[in-house]
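These notes concern the structure reproduced below.
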Amino acid sequence: MPCIEVEELTHLYYPGTPLEMVALRDIELTVYDGEFIALAGSAGSGKSTLVQHFNGLLLPTAGCVKVLGRAISDKQHRQQLWRQVGLVFQFPERQIFSSTVFEDIAFGPRNLGWDSTTVSKLVKDTVALVGLPEEILAADPRTLSGGMLRRVAICGVLAMRPQILIMDEPGAGLEHATRQLILANIKEIQARQGMTVILITHHLEDAAVFAERVAVLHQGVLLSIGPTREVLSQTELLHRAGLKAPFAVELAQQLSQAGIYLPSLPLSLADAAQLLQQMLQTNRVRPGGTP
Amino acid sequence: MMNNISMGQYLPAGSPVHRLDPRSKLICTALVVPAVLITFNPLGLTLVSLWTLLVVLLSGIKPGVYWQSLKPLWVLLLISFVLQVFFTPGNVLLTVGFIKISREGLLLSGWLLWRISVLLLAASVLTFTTTPLQLTMALEWLLSPLRRLRIPVQELAMMINLALRFVPTLFDEARMLLLAQRSRGADFNSGSIKERVSRLTPFMVPLLTNIFSRAEELALAMEIRCYQVGAARSRLHVMRFRVADYAALSLNTAILAAVITAKAL
């Protein structure tokens, strides 16, 4: 079942003025229920503009965007979309306003009109889901580290139990391990609750590990969309979009240029290591020896 | 917020007006103001209006953009127009209930509307065609004689510059927060005034915190690059008066002089 259908979407900023800028041009995209899709593209490619249509914050200049079966041009539908579509903005920790972590995470669920016992249970559950200790709920956000704050802010959206979760660069400015941790948590929740996840990223390494499909945007145009393995193997196209293919993909290409062909395309380093080990064992060659 | 050009926004177009020296643009605008305010002669005001319209056409920006950017102000202008029409005593032309419309009222408010429109147009030309940086440079140059009186003109210009630089940052930050909190269900548009004010907390608290931390970062960055108050500085872009600048300045002075003599006669 498609949950988001984008047809010939074009979005202009400042239409009809000298500052007019094409942010998106003729985008065709369908997102299916329960999938984990990554939107990749360099800065200014239109990723953020695209997803802001998905919960009705922006309206198409031309074309049509349907979310959960109804067009977002329908005002009533658009105004209720926040209940089902959670959007985690870039650097979401900047929007934290309360004096305790609990209050901030409870903000969204309370606005949904849930009673206080449900809210406090949800908040506790959500914090546990992303692997934060329960004691953190009483803490003052200003005393937390950047990575912790980021997770608290993401909890604020997750606690609303959205059907569709959109995350705009949730790992930006965080170290690799923390980034992986956050995404692994989200992946687990997605698998458990059947949530649809749309991840905006320019780190294809993250997309390779967690996404089922990848869409590549470049200067407002959708260059490619397909299963992760298929898209990420097109290194030429990724370079054209100003992106770097995952290290494992580059490694496999260098190896094939040197005459060593891996049985399949590795997407992560662990993948590559396993494939290489298999090859060494089946060919009975020792590292350092000639094949 | 994103799809509206606000008053005071610089719009690059590379027109002859854009290429004028910012100092002459600032002086010309300053000359238009008294010309508009002094004249009580329809001919004089028509002259100033035609001149302003000519500059608008030369600015390379579509008249529609001027119209659009001034739209929010029109509500204000119309309200003041209507109030003036209703509450100026004189020869009554029309009576609707307790409201009396007088000839004097119509004339007076018509004049006011005309004058303010010309002033707003002239100001828009200045801000549409001049970057904030150029404007402060021009201002600094104009105020530089005050340095003799030990008024820190350069520092004042720098302060204005920094304040202007923060305007778009503030807008972006506010937009992001508004959208982010709204997508968590914050409702800023309903309820009593008291409720609305308390509902602004999720918006105002992070806005202030973020702005302060940005200001601190900027101060640090300036300090790291050895910014010093009162140090002698050179410029990358040196301002220079050209033929077009002298032409614009003398034309504007001529118009002001004509308006003044017409009034004196």
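Protein sequences appear in the order of chains A and B. Residue numbering for the first sequence follows our numbering, starting at -10 and increasing by one per position. Residue numbering for the second sequence follows our numbering, starting at 111 and increasing by one per position. Glycine is no exception: its CB is placed at the ideal position from the N, C-alpha and C atoms.
1) Under the three-state reduction of DSSP, which class applies to M112(B): helix, strand or coil?
2) Only counting runs of 3 or more residues, tell me where the beta strand (DSSP E) segments fall wholly within the stretch 28 to 74 of chain A, in order along the chain.
3) Leaving out five residues before and five after L359(B) in sequence, what residues of the same chain have Cβ atoms less than 7 Å from its Cβ?
4) Near L231(B), what residues of its chain come up, given a Cβ to Cβ distance below 7 Å and the 5 sequence neighbours on each side ignored?
5) Could you check where the alpha helix (DSSP H) with E377(B) kicks off and where it finishes?
6) In this structure, how does DSSP classify L188(A) when only helix, strand and coil are distinguished?
7) Does N285(A) have its Cβ less than 7 Å from a Cβ in chain B?
8) Using 8 Å as the threshold, is the stretch 45 to 58 of chain A in touch with the stretch -10 to 6 of chain A, meaning 3 or more CB pairs across them?
9) Quick check on the burial criterion: 16 or more other C-beta atoms within 10 angstroms. Buried or exposed for T6(A)?
10) Helix, strand or coil for P235(A)? Go by DSSP, reduced to three states.
11) Looking at the unbroken alpha helix (DSSP H) that takes in S213(A), where does it start and where does it end?
12) Please list, in chain order, the residues of the stretch 308 to 333 of chain B that have any C-beta partner in chain A closer than 7 Å.
13) Indicate whether K373(B) and I148(B) have their beta-carbon atoms separated by less than 7 Å.
14) Using a 10 Å radius around the Cβ and a threshold of 16 neighbouring Cβ atoms, would you call K36(A) buried or exposed?
15) Determine whether the Cβ of M111(B) lies closer than 7 Å to any Cβ atom of chain A.
16) Rounded to whole angstroms, what's the CA-CA distance from F313(B) to R83(A)? Just pull it up for me.
17) Check L183(B) in the structure and name its three-state DSSP category.
18) So which residues on chain B does G5(A) lean against when the C-beta distance must stay under 9 Å?
19) Could you work out which residues of chain B lie near L46(A), taking near to mean beta carbons separated by less than 9 Å?
20) Using three-state DSSP, classify P(-9)(A) as helix, strand or coil.
21) Can you give me the C-alpha to C-alpha distance between Q69(A) and M286(B), rounded to a whole angstrom?
22) Could you check which residue in K233(A), A262(A) and Q208(A) has the C-alpha nearest to that of L244(A)?
23) Would you tell me roughly how many angstroms separate the C-alpha atoms of N113(B) and R258(B), rounded to the nearest one?
24) State the DSSP-derived secondary structure class of A148(A), mapped to helix, strand or coil.
25) If we cut at 7 Å on Cβ distances, does D282(B) have a partner in chain A?
26) When you compare the CB of L76(A) with every CB in chain B, is at least one pair closer than 7 Å?
27) Which residues in the same chain have their Cβ closer than 6 Å to the Cβ of L111(A), if we skip the five residues on either side of it in sequence?
Quick look at the numbers:
1) Locating residue 112(B) in the second sequence gives position 2, where the first residue counts as 1. Confidence in M112(B) is poor, its pLDDT being 43 and thus under 50, which makes the residue's placement too unreliable to answer from.
2) 51 to 56
3) Numbered from its first residue, the second sequence carries residue 359(B) at position 249. Around L359(B): S134, I137 and C138.
4) Translated into positions along the second sequence, residue 231(B) becomes position 121. Counting only Cβ-Cβ distances below 7 Å, and skipping sequence neighbours, we find T162, V166 and Y176.
5) Residue 377(B) is absent from the model: chain B starts at 111 and stops at 375.
6) Within the first sequence, the letter at position 199 stands for residue 188(A). In the structure shown, L188(A) sits in a strand (DSSP, three-state: E or B).
7) The question about residue 285(A) has no answer, for chain A in this structure spans -10 to 280.
8) yes
9) Taking the first sequence and counting its residues from 1, the one referred to as residue 6(A) is at position 17. Label assigned to T6(A): buried.
10) Here the question's residue 235(A) lines up with position 246 in the first sequence. In this structure, P235(A) counts as coil in the three-state DSSP scheme.
11) Numbered from 1 along the first sequence, position 224 holds the residue referred to as residue 213(A). Looking at the DSSP string, S213(A) is not in any alpha helix (DSSP H); the run it does join, the beta strand (DSSP E), is V210 to P216.
12) T311, P312, V315, P316 and N320
13) Along the second sequence, one-based indexing puts residue 373(B) at 263. Along the second sequence, one-based indexing puts residue 148(B) at 38. For K373(B) and I148(B), yes; Cβs fall inside 7 Å.
14) Here residue 36(A) corresponds to residue number 47 of the first sequence, with the count starting at 1. So K36(A) ends up on the buried side.
15) On the second sequence, position 1 is the one that residue 111(B) refers to. In this prediction, M111(B) has a pLDDT of 37, which is less than 50 and means its spatial position is unreliable; what the coordinates show is noted afterwards. So no, M111(B) is outside the interface.
16) As a first step, residue 313(B) is located in the second sequence; it is residue number 203 there, counting from the start. As a first step, residue 83(A) is located in the first sequence; it is residue number 94 there, counting from the start. Rounded to whole angstroms, F313(B) to R83(A) spans 11 Å at the Cα level.
17) Numbered from 1 along the second sequence, position 73 holds the residue referred to as residue 183(B). Three-state result, L183(B): helix.
18) Your numbering for residue 5(A) matches position 16 in the first sequence. Those within 9 Å of G5(A) in chain B are K172, G174, V175 and Q178.
19) Position 57 of the first sequence, counting from 1, holds the residue named residue 46(A). Simply L289, R292 and S293.
20) Along the first sequence, one-based indexing puts residue -9(A) at 2. Reduced to three states, the DSSP call for P(-9)(A) is strand.
21) Numbered from 1 along the first sequence, position 80 holds the residue referred to as residue 69(A). Numbered from 1 along the second sequence, position 176 holds the residue referred to as residue 286(B). Roughly 19 Å between the two C-alpha positions.
22) As a working mapping, residue 244(A) is identified with position 255 in the first sequence. Comparing Cα positions, the closest option is A262(A).
23) As a position in the second sequence, residue 113(B) is number 3, starting the count at 1. As a position in the second sequence, residue 258(B) is number 148, starting the count at 1. Legend: pLDDT at N113(B) = 47, less than 50; position of this residue unreliable, no value from coordinates given.
24) Position 159 of the first sequence, counted from the first residue, corresponds to residue 148(A). Correct three-state label for A148(A): coil.
25) Counting from one through the second sequence, the residue named residue 282(B) turns up at place 172. Not one chain A Cβ lies under 7 Å of D282(B).
26) Along the first sequence, read from residue 1 onward, the residue named residue 76(A) stands at position 87. Yes, contact with chain B.
27) Locating residue 111(A) in the first sequence gives position 122, where the first residue counts as 1. Around L111(A): P98 and A148.
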